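Read through the structure below, which is laid out as structure tokens, and then see the notes.
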Amino acid sequence: MAILRLVARRLLSSAPLLFLVSGLTFVLVSLVPGDPARTIVGQHATAEQYASVRAQLGLDKPLATQYWQWLEKVFHGDLGSSLFSGEPVTAVLNSRLPVSLSLIVAGTAVSGVLGVGLGLASARRGGLLVKSVDGLSLLGLAVPAFWFALVLIALFAVKLPWFPVTGYVPLLDDPAEWARSLVLPVLSLSLSAVAIIAKQTRDSVLDTLGKDFIRVMEANGFRRRSVLYRHVMRNAALPVVTVLGVVLVNLLAAAVLVETVFAMPGLGSLTQQATVQHDIPVIQGAVLYITVLVVVVNLLVDLAYGRLDPRVRAS
1115 MAILRLVARR LLSSAPLLFL VSGLTFVLVS LVPGDPARTI VGQHATAEQY
1165 ASVRAQLGLD KPLATQYWQW LEKVFHGDLG SSLFSGEPVT AVLNSRLPVS
1215 LSLIVAGTAV SGVLGVGLGL ASARRGGLLV KSVDGLSLLG LAVPAFWFAL
1265 VLIALFAVKL PWFPVTGYVP LLDDPAEWAR SLVLPVLSLS LSAVAIIAKQ
1315 TRDSVLDTLG KDFIRVMEAN GFRRRSVLYR HVMRNAALPV VTVLGVVLVN
1365 LLAAAVLVET VFAMPGLGSL TQQATVQHDI PVIQGAVLYI TVLVVVVNLL
1415 VDLAYGRLDP RVRAS
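This is the structure:
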């Protein structure tokens, strides 16, 4: 019951966030230079044709009215239609969502496994491995994901044609090619995430190893390996989970550039294209989807906290 109450409380508290983000997005998009009606009719259209298209798209109404009409449709499960293709926004987003989810989930898994593994190994062994983790952290924070993506393409797709340069193969079409199409994008996303998680894991483990209860257990003859994996890791996991949640949200932002570099048909590249075209319904729908993903990530972090720390469940 405590878990259900936590989920319900988080979902209710997220409703104002969805309104705030959608409203700010609507205002910011309206400030971006560009006119979809002019793009559709062309530069040589008459004033009457231009006004007619603006009326058909609803762009002749006040911004507040446009936003309210969009909200009314959202409450009925309708995100509208693209101003350019006429396709339902929901269908467009749902066709792109598996690509972004594959990239984000794989990037999170790789970042978590490698980051925690490196951090734990450096905490146990010390020496050169500690310096390597620190250097990797600096490199991950300094190198943008899109630049690293270009380096990976040059090395492992052009010079050594091991992986495809661009594109995405659906999982159900060919699982092997699906995995190959994700390798370079996932590595591009994971560099900074691995570095941050590794450093946080190492610092958390070393801090926990210095606690009094760990010294008492070791003094009483508990095996160090057992203490490390059964007690230290559980206590050190709380800050690591927090960082992993932040990293996952950052991966959502970085995926926009990575999808563009690798020409992957995901939500990120769709948002970039819709912004250039000033396709307001598609932008609003994409931002709404991404915001929901952020809410889900935060909810999963809270649930993980409750699982690891009984005090969180009690509160």
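First residue of the sequence shown: 1115, per the numbering used here; consecutive thereafter. We treat Cβ as the ideally placed atom computed from N, Cα and C, and that holds for glycine. Nothing here was measured: the structure is a model prediction, and the numbers come from that model.
Boundaries (first-last residue) of the alpha helix (DSSP H) holding residue i
i: L1215; result: 1203 to 1239
i: A1165; result: 1161 to 1171
i: T1157; result: In the sequence as displayed, the identity of residue 1157 is Gln instead of Thr. From DSSP, Q1157 is part of no alpha helix (DSSP H); its letter is neither H nor E.
i: V1188; result: 1177 to 1189
i: W1276; result: Per DSSP, W1276 belongs to no alpha helix (DSSP H) and is neither H nor E.
i: F1260; result: 1259 to 1267
Chain-order list of residues whose beta-carbon lies under 8 Å from that of residue i (same chain, five-residue window excluded)
i: L1113; result: Lying before the first or after the last residue shown, residue 1113 is absent from the chain, which here runs from 1115 to 1429.
i: V1230; result: I1311, A1312, T1315, V1354
i: K1187; result: L1193, G1194
i: D1321; result: A1350
Close beta carbons around residue i, own chain, < 7 Å, minus the five adjacent residues each side
i: D1393; result: P1150, S1196, L1197, F1198
i: P1395; result: L1193, G1194, S1195, S1196, L1197, V1203
i: V1283; result: E1291, W1292, S1295
Proximity below 8 Å, CB of residue i to CB of residue j
i: L1185; j: A1369; result: no
i: L1301; j: L1250; result: no
i: L1407; j: L1366; result: yes
i: L1451; j: T1385; result: Here the chain has residues from 1115 to 1429 only, and residue 1451 is not among them.
i: R1294; j: P1278; result: yes
i: G1226; j: L1358; result: yes
i: V1372; j: A1223; result: no
i: L1234; j: V1363; result: no
i: S1214; j: L1413; result: no
i: L1303; j: G1221; result: yes
i: S1144; j: L1118; result: no
i: P1374; j: V1415; result: Correcting the residue identity first, residue 1374 is Thr in this sequence and not Pro. Not a contact, by the Cβ cut-off of 8 Å.
i: Q1183; j: G1191; result: no
i: S1128; j: V1409; result: yes
Neighbourhood of residue i by C-beta, 6 Å cutoff - its chain only, sequence neighbours within 5 removed
i: D1433; result: There is simply no residue 1433 to check, as the chain begins at 1115 and stops at 1429 in what is shown.
i: L1298; result: L1266, F1277
i: F1140; result: Y1181
i: Q1163; result: V1155
Any chain B beta carbon closer than 8 Å to residue i
i: V1219; result: Checking the listed chains, one finds no chain B in this structure; it contains a single protein chain.
Ranges of the alpha helix (DSSP H) found wholly within the region 1370 to 1410, counting only runs of at least 4 = 1381 to 1391
Would you say the region 1132 to 1150 touches the region 1386 to 1406, given that touching needs at least three Cβ pairs under 8 Å?
-> yes
So does the region 1394 to 1401 actually touch the region 1197 to 1211, counting three or more Cβ pairs closer than 8 Å?
-> yes
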